[in-house]
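Read through the structure below, which is laid out as structure tokens, and then see the notes.
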Amino acid sequence: MTTYVPRYATQSLFTNEQDEGTAYDITGSNSGTLPSGFVRAQTGNADLKWETSTQINLGVDFELFRNTVYGSFDWYEKETRDILTLTQPIATLGEGAQKWVNGGTIENAGVELVLGYEKWIETGLLEDELLVDINFNISSTENTVTTLPADVVNSFGGNGQDKTILGRSINSVYGYVADGIFQSQAEVEEHAVQSGAAPGRIRWQDLDANGVIDENDQDFFADTDPDFIYGMNFTFKYKAWDFNMFWQGVKGGQIRNNWRLFTDFTSLNIGSNYGARTLDAWTPENANSDVPALTLIDNNGEGRQSSFFWEEGTYLKLRNISVGYTPTLDFIERMGLNDARIYLQAQNLLTITPDGTLSEDPETPNEVFPVPRRITFGLEFSF
Amino acid sequence: MNRISKFLTSSLVALSVASCGGSGELDSEPQAVLTEDQVATTENIDALVIATYSYLGNDHYTAPNYLWPTGNLRAGDAHKGGNGPSDIFAYHALSMYEPLVPDMESFPPDLIDLNNKKWTRNYTGISRANSALNVIQDTPADELATADEKSAELRFLRAVFYFDLKIHHKHIPWIDETMTQEEILATTNRDLTDQQLWDKIAADFRFASNNLPAVQQDVGRASSLSAKAYLAKTLLYQAYEQDELHNVVNINQQKLEEVVSLVDEIEASGEYGLYDDYAENFLAEFENGRESVFAIQRSLNDGSPDGRGTWSSALNAPMSGGFGCCGFHVPTENFVNAFKTDNSGLPRFSNFNESVYNVANDLVDPRLDHTVAMEGKPFKYDPELIHGGDSWARAPGIYGNYTGMKDLEHPDCDCRGENGPFPIFSLNTVLVRYADVLLWKAEALIELDRWEEATPTINRLRARAAASTGRLNEASMYRIGTYDTFANKTEARQALRWERRVELGLEGHRFFDLVRWGVAKETIDEYLTTERGRKPYLEDAAFTKNKHEYLPIPNQQINLSGGIYVQNPGY
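Structure follows, in structure tokens:
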């Protein structure tokens, strides 16, 4: 059934949110409350139902050698069906043709492993026992869109025909594939016809090999899903001293580094501060640079969605490291305290990234402020 | 186990991917929804008509109904401006032609296909008209005394949206109120021929002109006379018959005759006239006056979040002089030079573009200083507000430092609003101006070989221009004269086409004029030959004949059609 709703006005300013209202200054009065009307409402879907998930989970928990070694292993597969999706209708269906449908199935499959070791050890070197407590966990998950109805298959990128999200991760990215920088006029001429091509400019891959770079040379070139994520925790206690260290890492998964719009180009944000990388931009003499030749005029569309801005999101971070000292019970009682501890702690002290990572912090590649590094010296007393 | 769960936290985060997004929709109560029966009252039907008008003013610089990007940038009358090519690359592409592709979704900075956006918004406007027409059809006649009049307004508005689609894309799907959803999905952009599509648009305007009052109480409404004007415009475009590759192959004399007689009727009504001073067309104080035939009504402080002002022009103010953003829409040297006149005050047809305009040496048509603000001259007629050249421009090294003025008002105008850095105005966007209407008739007369009858019209506009120096503070050396006679059709045609460029400069018509006349390729090539020496960003600009006369059909729509839409030639 077609229905109508009154709607006076919505946003005008932002690119994605133009006015979809109905108010109009029909009398030419230039201000004041305007006459307004109705819009055809979003098309209903009487068949709409809850999405459903089924999950299979197989796991073992184990404790060995009198609880000194423990761990668990889990394998799971989760299938979510009838996922609610907003359709992207063809323009000619007009206003209110968008509707919620139960659109398709996504599979998540993964494994998780936890391993731990905990024991008070006689080392022989030390006069007292040393507590060693080490934990390791790792997990990996894979996301696949397995089915989508025809009216939503194009809502996730792709060309609507042979290249769709089906069979890929929902977190896949669609666009052009940057294939280095043209080194010479000869390379430009050898390459497919690319409007804006010149020595020093980004070369787009001719994915369909038809000799022309156009919109058909886009494909899904990356996804943001990590291969695996992991964590390691180390705790040692010896007499009054305790020590803890926690590492956490991500392997794989692509991130978009938007700062490269500033660091690698003088054409994409004219008049702003440019990054130091522009000093190493491509010139015939500096041919090995991965920074395109400097120009104020980007005829090559280099700000387009392409693999140029994407890089590995791999990192390993020392999230926490601390050392503490708990005075003897005697001392505490003498001071009239219930408890006391003195410690030095550092958070996010270290981030390790592979060679080639340009992002300052692959965990938050586009944030203005980095994750803070915090060093704390603490005295704890309780009375 | 406590210990284990603590360390599992990081893994669990990854597991919560894609749970039930949007499921809240299932529970929410529908808000104040009206059924078709409930809407079908006389009062509500006018509310649906208002909603259709509203969509004209719901435009924005990313999908404007003032056609500065597609009408001016593509014609060599203005550079995109702004912060270099990547600052709305889709509009940079309009100046360069070759980067125009069927899928512009990867264009920075929006990563939205603006070609698709404008297409979609036009069909949204059309659907507002169509669903209102449906409601009228389902309303018992005794409940709706004004059925024909309301239908006429709706068909007028529908045709305005279709006209915009037609001049941009040529082959478009025609959707009307009689079609079911299944029929719409089966409709392609080639079901009707080029000429049949024009017939459809003309039929809507014809119905409107037959069923609307000559004058409307509300200044924003379509009238029988404004419908006649749009009908004349439609027939003029239709008269230049194109082949599949957009070459003009015949000029239909019968259509031209009708253009002449329609404009005769409009003139005879006495409802419209030229303002005494050309300036009054571009000042909010005079809007909806006698030269405004049909305009988008803009407003501010109207209860909408940002004001229903000139969002279509929100980027076009200079960087200084009481504004702060964003320096788009920069007139070209070629355009400015077109205003140069010789000693008798006539255009310098053959040597206008040999050198860059020099205020100290060059005689000019006074319309220059109504249209373009430039260094050392007043902005919007204010002798205290002198354009600062480069200091007012955004990227003068690329685009120069001129400012287009017609779509802007004075910074101190009480018609000004703002959101963030974007200035807007309640200044109307005039879609049809009486001077334009008069020039259609003159054009039709010339193509009918009756050029001597066209001469008075052209001269009337030139005389008005000559009398329009009162607000100009003697900023330039003005010289404008009238034509005695035209020796032949070629001369008359040249004068008419020149007159359109300067009289209607930067008003969004020029590129569509060039395509209508079948001279886009040669005109743009000539422009580029000189202008690329002045503005090196144009070095690789290249207009391909039989292709760039029209924009591509948006790739997204072809995809969504399941491939039944046919792409335009060359794309």
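Sequence lines, in order, name chains C and B.
So the first sequence is numbered by my numbering: it starts at 4 and just counts up by one.
So the second sequence is numbered by my numbering: it starts at 99 and just counts up by one.
Cβ atoms here follow ideal geometry from the backbone N, Cα and C, with glycine treated the same way.
Quick caveat: nothing in here was measured; it's all calculated off a predicted structure.
Rounded Cβ spacing between residue i and residue j (contact assumed at less than 8 Å)
i      : j      : result
V148/C : L169/C : 6 Å
Y328/B : V258/B : 7 Å
K254/C : F231/C : 5 Å
Q200/C : D209/C : The amino acid occupying residue 200/C in the given sequence is Ala; Gln does not appear at that position. 11 Å between Cβ atoms; not a contact.
N323/C : G234/C : Actually they do not touch by this definition, with Cβ atoms about 11 Å apart.
T580/B : A561/B : 6 Å
I651/B : N287/B : 6 Å
V191/C : P202/C : 7 Å
E570/B : P464/B : It should be noted that the sequence gives Leu, not Glu, for residue 570/B. The pair is a contact, with the Cβ atoms about 6 Å apart (cut-off 8 Å).
S142/C : E115/C : 4 Å
T332/B : I364/B : So it is not a contact: roughly 14 Å between Cβ atoms.
Given residue i as reference, the closest of the options once Cα atoms are compared
i      : options                        : result
T83/C  : E132/C, I109/C, S385/C, V374/C : I109/C
Y338/B : D440/B, W538/B, P509/B         : W538/B
T139/B : V233/B, D185/B, P206/B         : V233/B
P509/B : G487/B, F477/B, D488/B         : F477/B
T354/C : Y120/C, D364/C, N291/C, P152/C : D364/C
L323/B : L354/B, D302/B, V361/B, A301/B : V361/B
A49/C  : S34/C, K81/C, T5/C, T25/C      : T5/C
T356/C : R307/C, E366/C, W53/C, L382/C  : E366/C
S489/B : F421/B, F450/B, V528/B         : F421/B
W596/B : Y669/B, N435/B, H485/B, I656/B : N435/B
Y500/B : G631/B, R514/B, A471/B         : A471/B
L87/C  : D301/C, V156/C, A279/C         : V156/C
Q654/B : T281/C, N302/C, G161/C         : G161/C
N111/C : E218/C, T57/C, E145/C          : E145/C
I484/B : P494/B, G616/B, E473/B         : E473/B
E370/C : R259/C, D301/C, Y11/C          : R259/C
G486/B : F305/B, G419/B, I578/B         : G419/B
N228/B : M277/B, Y195/B, F187/B         : M277/B
E541/B : T588/B, R406/B, N379/B         : T588/B
S448/B : V457/B, N456/B, F437/B         : F437/B
I544/B : Q351/B, N308/B, A149/B         : Q351/B
Strand pairing of residue i, partner residues [DSSP]
i      : result
N301/B : Per the sequence shown, the amino acid found at residue 301/B is Ala instead of Asn. Note: A301/B sits in no beta bridge, so no partner.
R84/C  : T55/C
P521/B : E516/B
H177/B : V428/B
M202/B : Its beta-bridge partners do not exist; DSSP assigns none.
S309/C : Y179/C
A393/B : V528/B
N323/C : F249/C, Q350/C
Y706/B : Any question about residue 706/B goes unanswered here, given that chain B covers just 99 to 669.
C-beta atoms of residue i and residue j nearer than 8 Å
i      : j      : result
T408/B : L525/B : yes
N170/B : H427/B : yes
E305/C : Q257/C : no
A639/B : F433/B : no
F384/C : A343/C : yes
G518/B : L16/C  : yes
T95/C  : D154/C : no
P416/B : A491/B : yes
D211/C : Q395/B : no
F384/B : Y370/B : no
I392/B : V530/B : First, the residue type needs correcting, since residue 392/B is Phe and not Ile in the sequence shown. In contact: F392/B and V530/B (Cβ atoms closer than 8 Å).
Y11/C  : G401/B : yes
Chain A contact for residue i (CB, 8 Å cutoff)
i      : result
G163/C : In summary, chain A is missing from the structure at hand, where the protein chains are C and B.
Distance cut-off 7 Å: residue i Cβ against heavy atoms of the ligand GTP
i      : result
T150/B : For the ligand GTP, the structure offers nothing, since it holds no ligand at all.
Listed in chain order, which residues of the stretch 37–58 of chain C have Cβ atoms closer than 7 Å to some Cβ of chain B? L37, P38, S39, G40, F41, V42, R43, A44, L51, W53, E54
Residues of the stretch 296–321 of chain C with Cβ closer than 8 Å to any Cβ of chain B, in chain order: In summary, the residues of the stretch 296–321 of chain C whose CB is separated from some CB of chain B by less than 8 Å are L299, I300, D301, N302, G304, E305, G306, R307, Q308, S309, in the order they occur in the chain.
Going along the chain, which residues of the stretch 191–221 of chain C sit with their C-beta nearer than 9 Å to a C-beta in chain B? S198, G199, A201, D217, E218, N219, Q221
Just by C-beta distance, which residues in the stretch 246–257 of chain B are closer than 9 Å to chain C? none
Residues of the stretch 88–106 of chain C in Cβ contact with chain B at a cutoff of 9 Å, in chain order, please. T88, L89, Q91, P92, I93, A94, T95, L96, G97, E98, G99, A100, W103
Selection of the stretch 159–177 of chain B by Cβ proximity to chain C, strictly under 8 Å: T160, A161
Under 7 Å (Cβ pairs) to chain C, residues found in the stretch 293–317 of chain B: D316, V317
What are the residues of the stretch 487–504 of chain B that lie near chain C, defined by any Cβ-Cβ distance shorter than 9 Å? R492, A493, G495, I496
Which residues, taken in chain order from the stretch 139–169 of chain C, show a beta carbon closer than 7 Å to some beta carbon of chain B? N140, S142, T144, N146, N157, N162, G163, Q164
If you measure beta-carbon to beta-carbon, which residues of the stretch 363–389 of chain B are closer than 9 Å to chain C? A382, E385, N386
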